[in-house]
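Counting with the UniProt record's numbering, you get residues 1 to 382 for the letters of the sequence shown.
Backbone N, C-alpha and C fix where the C-beta goes; we use that ideal spot for every residue, glycine too.
Okay, structure first, notes after.
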Amino acid sequence: MEIKKIAVNETAQQVNEKAEAYLNTLVRTFDSVLGALHLGGRKADYDDAHYEFVGGANDELRKKHYDKSLRLLWKAEQHASWSSFHDLSRDEEMLMQMAGDALNENEKREVERIKTAEFKALLDREYTPAQKQAIVNILSLIGHGEAYAWLVSNEVLRDVKSTGAKAALTMQVLEEAKHFVVLRELIMAFGVDIPRLPVYEYMMLEGTLKSEGLEKFFGMNVLVEGIALSIFGALSKFPGLEVLQMFHLDESRHCALPTNYLKTQPLTWWEKNNPASMVKRFLMVLPAIPLAMKMEKDFAELGIDVFEFGGSLVRKVINLAYRVGFHLPMPQENMKAFVNYMFNAYCSATREGHNFTEFLESESTLGEAELAVEREVFGIAS
1 MEIKKIAVNE
11 TAQQVNEKAE
21 AYLNTLVRTF
31 DSVLGALHLG
41 GRKADYDDAH
51 YEFVGGANDE
61 LRKKHYDKSL
71 RLLWKAEQHA
81 SWSSFHDLSR
91 DEEMLMQMAG
101 DALNENEKRE
111 VERIKTAEFK
121 ALLDREYTPA
131 QKQAIVNILS
141 LIGHGEAYAW
151 LVSNEVLRDV
161 KSTGAKAALT
171 MQVLEEAKHF
181 VVLRELIMAF
191 GVDIPRLPVY
201 EYMMLEGTLK
211 SEGLEKFFGM
221 NVLVEGIALS
231 IFGALSKFPG
241 LEVLQMFHLD
251 ESRHCALPTN
261 YLKTQPLTWW
271 EKNNPASMVK
281 RFLMVLPAIP
291 LAMKMEKDFA
301 ELGIDVFEFG
311 GSLVRKVINL
321 AYRVGFHLPM
331 PQENMKAFVN
341 YMFNAYCSAT
351 REGHNFTEFL
361 ESESTLGEAE
371 LAVEREVFGI
381 AS
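Below, the structure is given as structure tokens:
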């Protein structure tokens, strides 16, 4: 795959890096002091510096319980054929009709070893070291985000009402766990340094985790999952990243969950328009703007204009937020115009000869199947 790198303003990038590092030290130190005094601080028991939850990876326990649970996850269609469930995939239906697997255990292990070696060779062949680092820097945003999604989904499970809603959230908890461990292995396969959480994402994720009740739906299922969906849609056609298409499908269901749930348990007028809630939502969104500036170089390395990507993302997230009733301090179109103005202001200051651009009219998702899924989730206007 030929990737055409986009030139960026190196001075602006250095300023962004220093500003983020300073703010990161300030925010993390403040949270550490609050934690030591038992006055709050960081809520998540997650170590983003090592890309692990507190307590370590504990892969042995994961393999004994999580992996085994997935292998043994039974399907109602197979074991209770009289029921109304249709939960077998086509592949599973075919497997039920086959005599069994022809490979013995030693052969299976060898095939897996070869596949792993071939995959790493593919990454080395398709990408330069700088491109591999850029991909990891971008995917790790979602990798760390999946850790928080796992925690948030588990908390929202207690807040939603109805058997169907709790069943849906239970599956989301399962899928977030799957996403975290699978994406972690994918990222580690690139063999480059995995960065910590940028402070802007840290603020966004901690704000989501600390939010109350269904406001977590906005922070996680609208904002954070919307970012993940857009990144998966932008990168799923890159060599070796085809598995992101499956992640994209999962995230589309997660983004659609507030729409489907709030049809049966609608927000009240006050819940939609409470000024304090609208400001809190806006403060969750706001760090995404400097985050885009910080990530400009990584996206450019892959031939993607971060503000075209960000414009596409913001349009979809804002449309979805207003569609389900999570209003922001400004009317919908004014909010989009504000973000577009901020993007253009930055580009005017850092890009020579920049002309005003309607970044929110961009489309960053590749693939007709992915676009069709997003149109259904975000609405016709997406």
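- Note: F282 is not bridge-paired with any residue in the DSSP secondary-structure output.
- Taking the CA atoms as reference points, E301 sits about 45 Å from W270.
- Non-local beta-carbon contacts of A44 in its own chain, meaning distances under 8 Å to residues more than five positions away in sequence, involve A147, Y148, L151, L205, E206, L209 in chain order.
- When the five nearest sequence neighbours on each side are left out, the beta carbons in the same chain lying within less than 6 Å of the beta carbon of N9 are those of T350, in order along the chain.
- C255 and V317 have their C-alpha atoms some 9 Å from each other.
- In the three-state reduction of the DSSP assignment, F326 falls in the coil class, being assigned neither a helical nor a strand state.
- Two segments are said to touch when three or more pairs of C-beta atoms, one from each, lie closer than 8 Å; by this definition the region 246-261 touches the region 156-173.
- Separation of K5 and I304 (C-alpha to C-alpha, rounded to the nearest whole angstrom) is 8 Å.
- Per DSSP, the unbroken alpha helix (DSSP H) holding I187 starts and ends at 163-189.
- When the five nearest sequence neighbours on each side are left out, the beta carbons in the same chain lying within less than 7 Å of the beta carbon of L214 are those of D159, in order along the chain.
- Within a 10 Å sphere around the beta-carbon of V15 sit fewer than 16 other beta-carbons, which makes this residue exposed.
- Residue I142 holds the alpha-carbon nearest to the alpha-carbon of A228 among N355, I142, H38, V192.
- Under DSSP, no beta-bridge partner is assigned to F218.
- The DSSP-derived three-state label of Y46 is strand.
- Annotation: D305 is outside any alpha helix (DSSP H) and is labelled neither H nor E by DSSP.
- Residue environment analysis places K294 among the buried positions, since at least 16 neighbouring C-beta atoms fall within 10 angstroms of its C-beta.
- For the pair L371 and T365, the Cα-to-Cα distance works out to about 6 Å.
- Check the Cα spacing between E358 and each of E376, V339, R375: the tightest is with V339.
- In this structure, the straight-line span from the alpha carbon of P331 to that of A189 is close to 44 Å.
- For S252, the closest alpha carbon among the candidates S153, L26, E225 is that of E225.
- In this structure, the alpha-carbon of L37 lies about 22 Å from that of F53.
- Listed as beta-bridge partners of F119 by DSSP are no residues whatsoever.
- Closest in C-alpha terms to E126, from the list E2, R281, R196, G56, comes E2.
- According to the DSSP assignment, H254 belongs to the alpha helix (DSSP H) that extends over 244-264.
- In the DSSP assignment, E52 forms a beta bridge with D47.
- In the three-state reduction of the DSSP assignment, V192 falls in the coil class.
- For the options T128, N319, K336, the alpha carbon positioned closest to that of P239 is the one of T128.
- Closest option to M278, judged by alpha-carbon separation, among A130, R375, L328, N154: L328.
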